[in-house]
Ligand SMILES: C[S@@+](CC[C@H](N)C(=O)[O-])C[C@H]1O[C@@H](n2cnc3c(N)ncnc32)[C@H](O)[C@@H]1O
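Numbering (this note's numbering), first residue to last: 91 to 573.
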């Protein structure tokens, strides 16, 4: 493939004031190793001279050194882009999709042997984090560990976008990966209505995701603190809702620490807490996040990619009994023991590192019955275990209620029976004025009584919502109000 044939794509948003970089990565073998060795030695020399020039304040010398290094970088990247023989096409796998779903990406150029990306950092994570997530999306490509990373001015990045916008592919609505972070919010009107957002009110969206629910609260005039443990969600939504300025504050963290996170920002109490549990569509649909058994990707499943233990770690390291317990307790999988045994047998031959490898192991012991894929329950179970979802939910419920002001409301949307049972039982516990036991002569006041129930029965999606968004089918909304 020649350089002219490489494809370019430009994001809709311009740089937003963060630091911008040009990153070039290539597959192993795309650049002659003698050329690479010479480049690395020269780079070290340039960097040192640039530092000295910087210390002396000799701007002219600094600029000259930088220009020379950039010219050298350009020769390496053109060699990588011109690479043909034995090339694995870097455009395969989910590379395009991962780049387009990354809200920090201002644009990219993809060729046979190399990828060049214009990136803006939001301050949340570094260049390495982005590079790892893009490379994970093309697991078949053996990436060189060498990279070109050049800092750019925002003006240069905007200039590049302008120059390449004409080559941008048309974006079809709903096309895979074409709309960054597209998540259809569930029970949107119902949740916003229940939370009674209004000017002067302060709300916490404990599961910011694509920000659909937050946006409704912002539109009603409330100030919103949005929490998410996924940096991709935070970056994307911060961009998308940037026009709300300080009315939306985005916080990195786990909602199990909701009270602490807010206290660190001087907030002791709020008028509303919202949690729309589970994963977002971009998490599931981005193969490199490893949540889906339908797409080949690394077996990851971490909502917070900085957390140490991935699904592959669990699958390869847990004992057979631990695996069976996870599948049974979190997936209600009746074949939990058989699947756990087969996993342990298989991992003795080779580690289980991809989603399809695990899905195939499950399918080999579990015949397909009905519409549901045999791996559905096991993948749900692993996801819950990897992200410690049920224990985090327990802490969210207690913490969320503790920061509500009197008259404030907490709305929780669940997607499966394990979550819903927890929310239902917690809400029942805190809304009961009295408790009665057979051994007591009369009912006694409930020391946990703190709220009244707003939804006697859970609210579920309407027929219209179900047909527009089938992923809403198991959603249940429950709401309480603090007394
Ligand atoms: C269903 S999505 C929320 C979608 C959002 N309501 C919207 O309208 O776009 C759930 C989000 O919650 C986040 N999340 C799940 N568990 C979390 C936890 N324990 N702490 C922080 N964020 C969490 C996920 O990363 C995901 O982005």
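Where is the CB? At the ideal position from N, CA and C, for every residue including glycine.
According to the neighbour-count rule (16 or more other Cβ atoms, all chains shown, within 10 Å of its Cβ), is residue i buried or exposed?
{"i": "residue 303", "result": "buried"}
{"i": "residue 235", "result": "exposed"}
{"i": "residue 396", "result": "exposed"}
{"i": "residue 511", "result": "exposed"}
{"i": "residue 123", "result": "exposed"}
{"i": "residue 423", "result": "buried"}
{"i": "residue 189", "result": "buried"}
{"i": "residue 94", "result": "Any reading at residue 94 must be qualified, since the residue scores a pLDDT of 42, below 50, and its modelled position is unreliable; the value itself is stated next. So residue 94 ends up on the exposed side."}
{"i": "residue 526", "result": "exposed"}
{"i": "residue 435", "result": "exposed"}
{"i": "residue 112", "result": "buried"}
{"i": "residue 388", "result": "buried"}
Under DSSP, the beta strand (DSSP E) around residue i begins and ends at which residues?
{"i": "residue 508", "result": "Taken as a continuous stretch (DSSP letters only), residue 508 belongs to no beta strand (DSSP E), being part of the alpha helix (DSSP H) at 507-521."}
{"i": "residue 405", "result": "Taken as a continuous stretch (DSSP letters only), residue 405 belongs to no beta strand (DSSP E), being part of the alpha helix (DSSP H) at 401-407."}
{"i": "residue 542", "result": "541-543"}
{"i": "residue 99", "result": "97-100"}
{"i": "residue 210", "result": "204-211"}
{"i": "residue 339", "result": "338-342"}
{"i": "residue 382", "result": "First-last for residue 382: undefined, no H or E at that position."}
As a quick exercise: from the options, pick the residue whose alpha carbon is nearest that of residue i.
{"i": "residue 548", "options": "502, 522, 571", "result": "502"}
{"i": "residue 131", "options": "119, 102, 150, 163", "result": "163"}
{"i": "residue 206", "options": "129, 116, 387, 493", "result": "116"}
{"i": "residue 279", "options": "220, 120, 306, 448", "result": "306"}
{"i": "residue 293", "options": "314, 365, 300", "result": "314"}
{"i": "residue 191", "options": "322, 388, 353", "result": "322"}
{"i": "residue 210", "options": "242, 134, 137", "result": "242"}
{"i": "residue 484", "options": "509, 428, 331, 102", "result": "509"}
{"i": "residue 524", "options": "274, 516, 530, 534", "result": "534"}
{"i": "residue 173", "options": "153, 154, 201", "result": "201"}
{"i": "residue 489", "options": "380, 522, 299, 350", "result": "350"}
{"i": "residue 168", "options": "380, 429, 199, 404", "result": "199"}
{"i": "residue 419", "options": "239, 522, 507, 255", "result": "507"}
{"i": "residue 491", "options": "505, 516, 476", "result": "516"}
{"i": "residue 411", "options": "394, 528, 430, 222", "result": "430"}
{"i": "residue 300", "options": "367, 254, 255", "result": "367"}
{"i": "residue 134", "options": "158, 331, 119, 453", "result": "158"}
{"i": "residue 497", "options": "276, 129, 291", "result": "291"}
{"i": "residue 454", "options": "474, 433, 438, 405", "result": "433"}
{"i": "residue 140", "options": "112, 127, 154", "result": "154"}
{"i": "residue 552", "options": "250, 277, 239", "result": "277"}
{"i": "residue 466", "options": "142, 448, 478, 371", "result": "448"}
Between which residues of its own chain and residue i is the CB-CB distance below 6 Å, once the five residues before and five after are set aside?
{"i": "residue 538", "result": "519, 520"}
{"i": "residue 185", "result": "227, 228"}
{"i": "residue 289", "result": "311"}
{"i": "residue 244", "result": "105, 110"}
{"i": "residue 97", "result": "200"}
Return the chain-ordered list of same chain residues with a C-beta closer than 8 Å to the C-beta of residue i, the five sequence neighbours on each side being excluded.
{"i": "residue 499", "result": "284, 285, 286, 361, 362, 363, 544, 569, 570, 571, 572"}
{"i": "residue 355", "result": "315, 339, 341"}
{"i": "residue 382", "result": "374, 375, 445, 469"}
{"i": "residue 120", "result": "169, 170, 173, 177, 203, 204, 234"}
Let's see if you can read the secondary structure: which residues bound the alpha helix (DSSP H) around residue i?
{"i": "residue 414", "result": "410-421"}
{"i": "residue 431", "result": "426-439"}
{"i": "residue 496", "result": "Taken as a continuous stretch (DSSP letters only), residue 496 belongs to no alpha helix (DSSP H), being part of the beta strand (DSSP E) at 494-504."}
{"i": "residue 563", "result": "Neither: residue 563 is in no alpha helix (DSSP H) and is coded neither H nor E."}
{"i": "residue 111", "result": "No alpha helix (DSSP H) contains residue 111, which is instead part of the beta strand (DSSP E) from 109-117."}
{"i": "residue 140", "result": "123-146"}
{"i": "residue 329", "result": "321-330"}
{"i": "residue 397", "result": "Residue 397 -> no alpha helix (DSSP H), and no H or E assigned at all."}
Below 7 Å CB to CB, which residues in the same chain sit around residue i once its five sequence neighbours on both sides are set aside?
{"i": "residue 214", "result": "321, 324, 325, 342"}
{"i": "residue 220", "result": "192, 194, 209"}
{"i": "residue 482", "result": "344, 345, 346"}
{"i": "residue 376", "result": "184, 187, 188, 191"}
{"i": "residue 281", "result": "303, 364, 501, 503, 567"}
{"i": "residue 212", "result": "108, 194, 325, 328"}
{"i": "residue 486", "result": "296, 345, 346, 348, 365"}
{"i": "residue 380", "result": "387, 388, 389, 390, 391, 401, 445"}
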